[in-house]
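K.L.:
Residue 1 is where the sequence shown starts when you use UniProt numbering, and the numbers rise one by one after that. Got a structure here, written out as structure tokens. Questions coming.
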Amino acid sequence: MASLWRYLLAGLGLAALLAGVLAIVYLTAPQTTPGPDTSRSKTTANGLFVASFQPERGGVRQGELQSWLLTLKTVKGDPVEGAAIAVSGGMPQHNHGLPTSPQATDYLGEGRYRIDGLKFTMSGWWQLRFAISAAAGSDTVVFNIVL
1 MASLWRYLLA GLGLAALLAG VLAIVYLTAP QTTPGPDTSR SKTTANGLFV ASFQPERGGV
61 RQGELQSWLL TLKTVKGDPV EGAAIAVSGG MPQHNHGLPT SPQATDYLGE GRYRIDGLKF
121 TMSGWWQLRF AISAAAGSDT VVFNIVL
């Protein structure tokens, strides 16, 4: 009977030791944080518009001036025409703005606006902020681009 108790206590001690080791491994393991939201279509901050953003030609290119298309629709899906659009942004992790002054240069119809003068000078996380004023009101949207 005494030997049974010894085996039982030894087993409980081993289980407690294993649980402690697993807890230490779990608590000291590197934590992964999700990256920025890189979706190319989203509802604006106040819900007035649905905005989509994509390169006009091909993919994202580092170190080159490029044009992108910003498409604006109402939440019902109608194109937003005659919008005034201001562009700003930069690299949040480097605490600096854009190296150029991009701007909306052309309205292409069907809610599509050409944004000229974008240049991503280095790899990393970039943010582009759009302030939009149209007949429905004023709103903002932020797009994250990771190179």
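A virtual CB, placed ideally from N, CA and C, is assigned to each residue, including glycine. Only a predicted model underlies this, so the values are computations on that prediction, with no experimental measurement involved.
1) With a threshold of 8 angstroms, are at least 3 pairs of Cβ atoms found where one atom belongs to the stretch 96-106 and the other to the stretch 115-125?
2) Pull the bridge partners of A84 from the DSSP assignment, please.
3) Pick out whichever of V87, L48 and E64 has its Cα sitting closest to the Cα of A131.
4) Does the CB of D78 have a neighbour CB from chain D at under 8 angstroms?
5) Are G47 and V80 closer than 8 angstroms when you measure CB to CB?
6) At a threshold of 7 angstroms, does I115 count as lining the ligand HEM (C-beta to nearest heavy atom)?
7) Starting from L118 and walking both ways along the beta strand (DSSP E), at which residues does that stretch end?
P.N.:
Considering the structure as presented:
1) yes
2) For the purposes of this step, residue 84 is taken as the residue at position 84 of the sequence shown. In the DSSP output, where bridge partners are listed per residue, A84 has S133.
3) On the sequence shown, position 131 is the one that residue 131 refers to. The candidate whose alpha carbon is nearest that of A131 is V87.
4) Of the protein chains in the structure, only one exists, and it is not chain D.
5) Stepping through the sequence shown from its first residue, residue 47 is reached at position 47. Stepping through the sequence shown from its first residue, residue 80 is reached at position 80. No.
6) In the structure on display, the ligand HEM does not appear, and there are no ligands present to speak of.
7) For the purposes of this step, residue 118 is identified with residue 118 of the sequence shown, where counting begins at 1. That run of the beta strand (DSSP E) goes R112 to L118.
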